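Heads up: take any position in the sequence shown, counting from 1, add 2, and you land on my numbering.
Glycine included, each C-beta is placed from N, C-alpha and C at the ideal position.
A quick note: this is a predicted structure, and the numbers were derived from the prediction, not measured.
The next block holds one structure in the form of structure tokens; read it before the comments.
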Amino acid sequence: MNTVSKQKTIDTQSEQDRNLDYYELAVYFAAVKARDEEFRWEQFIDNLSYFCDQFATHIEVNDRVNR
């Protein structure tokens, strides 16, 4: 039983790490795109929202495919 709970903890941590990586990538992409557009906060927020939506859609689709 202990091995099973450890594996679930490892799987949960891996999933959390992946989600954090996607968010960090979204922030990076949004900042780069906003910088190319004469960095304005409104553009950065719009870009961040766009990239987060794209990653969320990608994750959702992959979850359905892997089931």
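The residues Phe57, in chain order, have a CB closer than 6 Å to that of Tyr24 in the same chain once the five nearest residues on each side in sequence are set aside. Scanning its chain for C-beta atoms nearer than 8 Å, with the 5 sequence neighbours on each side dropped, one finds around Gln45 the residues Lys35, Ala36, Glu39, in chain order.
For Glu62, the enclosing alpha helix (DSSP H) stretches over residues 43-68. Put simply, the backbone Cα of Ser51 is about 23 Å away from that of Arg66.
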